[in-house]
Amino acid sequence: DILSFFVLLVYIFLAKDAPISVYKPRIKKFSDYKNLLKDRDTWWFMLFYAVSFGGFVGFANYIKVYLMNTYQADMSLFGKEILNEPNVKVIAGYFGAFTIFSGAVLRPLGGAIADKMGGIRALYAFFSLVAILTLVSGMKLLSFGVAIVVLFLIMASLGMANGAIFQLVPQRFGRDIGIMTGLVGAAGGVGGTFLVKTLGWAKETFDSYAVGFFIFSSLVCLAILALTFVKTRWRTTWGIHSGGMI
Numbered sequence: 002d003i004l005s006f007f008v009l010l011v012y013i014f015l016a017k018d019a020p021i022s023v024y025k026p027r028i029k030k031f032s033d034y035k036n037l038l039k040d041r042d043t044w045w046f047m048l049f050y051a052v053s054f055g056g057f058v059g060f061a062n063y064i065k066v067y068l069m070n071t072y073q074a075d076m077s078l079f080g081k082e083i084l085n086e087p088n089v090k091v092i093a094g095y096f097g098a099f100t101i102f103s104g105a106v107l108r109p110l111g112g113a114i115a116d117k118m119g120g121i122r123a124l125y126a127f128f129s130l131v132a133i134l135t136l137v138s139g140m141k142l143l144s145f146g147v148a149i150v151v152l153f154l155i156m157a158s159l160g161m162a163n164g165a166i167f168q169l170v171p172q173r174f175g176r177d178i179g180i181m182t183g184l185v186g187a188a189g190g191v192g193g194t195f196l197v198k199t200l201g202w203a204k205e206t207f208d209s210y211a212v213g214f215f216i217f218s219s220l221v222c223l224a225i226l227a228l229t230f231v232k233t234r235w236r237t238t239w240g241i242h243s244g245g246m247i
């Protein structure tokens, strides 16, 4: 609460609207949302963000539960011997925060990489790594140390994918970036809910998270196929005049 209040004060005293000469706001109408939802590219971006941000949010919300159900003994031993912390839930929180931190902090790096190599190529790289690592996590119960590294890389890749997507969105929908941010963000929230439900269902039904990891890996592969489907059209239409790397 204190931090939020501090941010509010900084915003009040430092933030200001762009001059009218730079940007003249236009009141959005319901028809603007309707028209964007008729554009197929809107749905492609919503799919990509449902996978990337949805995956990040889903794992962020469930990772402590996953660690407690899978590696409680390992974390208890680590906490007592290394950190002198007997409460295993605290240790799970530490490791969860460590993996979540990677995705949050590396999101800008994902955007920077997309600026250098193009958003589509960057998404190929990030999504491919996530697909492979989640598949491996489902195929085999990894040792505790390896699992933490894998989760770190999954979250980092998802975070960077988020940055890469929003390197592309303004190039395609620059005049409607406000609406698109809302639509794409909503899809990300839905994706996060789906992943949490999927992991919970897999554990309850099969007493294992493997099926949940397989389902998410399949969705990431679907996103990769979708990229392959749209990349040529994007690069030969709006990508030509976008002014950025796609």
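Taken in order, the sequence shown gives residues 2 to 247; the numbers are from the numbering used here.
Ideal Cβ positions, reconstructed from N, Cα and C, are used throughout, including at glycine.
The beta carbons of G104 and A123 sit no closer together than 8 Å. The C-beta distance from G97 to I121 rounds to 31 Å, too long to meet the 8 Å contact threshold. For G59, same chain residues with a beta-carbon under 6 Å away, outside a window of 5 residues either side, are G193, L196, V197 in chain order. If you compare the alpha carbons of I149, L184, F127, G146 with that of A165, the shortest gap goes to F127. When the alpha-carbon of V151 is set against those of S138, C222, L159, the nearest one is in S138.
F14 and F99 do not touch by the CB rule: their CB atoms are close to 34 Å apart, not below 8 Å.
Taken through DSSP and simplified to helix, strand or coil, D2 comes out as coil. Where N36 is concerned, the enclosing alpha helix (DSSP H) starts and stops at 31-38. Separation of the CB atoms of S218 and T135 is rounded to 4 Å, and the pair is thereby assigned contact status at 8 Å. Counted as a single uninterrupted DSSP element, the alpha helix (DSSP H) harbouring Y63 occupies residues 41-79.
Cβ neighbours of G240 within its own chain (closer than 6 Å, five residues either side excluded): I247.
The DSSP assignment places complete alpha helix (DSSP H) segments of no fewer than 4 residues inside the segment 176-212 at 178-207, in order along the chain. Separation of the CB atoms of Y72 and A157 is rounded to 20 Å, and the pair is thereby denied contact status at 8 Å. Rounded to whole angstroms, the gap between the alpha carbons of K90 and Y67 is 12 Å. D42 sits away from D177, with the two beta carbons spaced by 8 Å or more. Non-local C-beta neighbours of L220 in its own chain, meaning closer than 6 Å and more than five positions away in sequence, comprise V52, ordered along the chain. Between R108 and M181, the C-beta spacing is not below 8 Å. Note on geometry: alpha-carbon atoms of G94 and A203 lie some 22 Å from one another. Counting only residues of its own chain and dropping the five nearest sequence neighbours on each side, N62 has a CB closer than 8 Å to the CB of G193, V197. In this structure, the CA atom of K17 is about 28 Å from the CA atom of G189. Look at N163 here: in three-state DSSP terms it is helix. In the three-state reduction of the DSSP assignment, D116 falls in the helix class, which pools H, G and I. For I241, the enclosing alpha helix (DSSP H) begins and ends at 239-242. Scanning F57, G201, P171 for the CA closest to the CA of H242 turns up P171.
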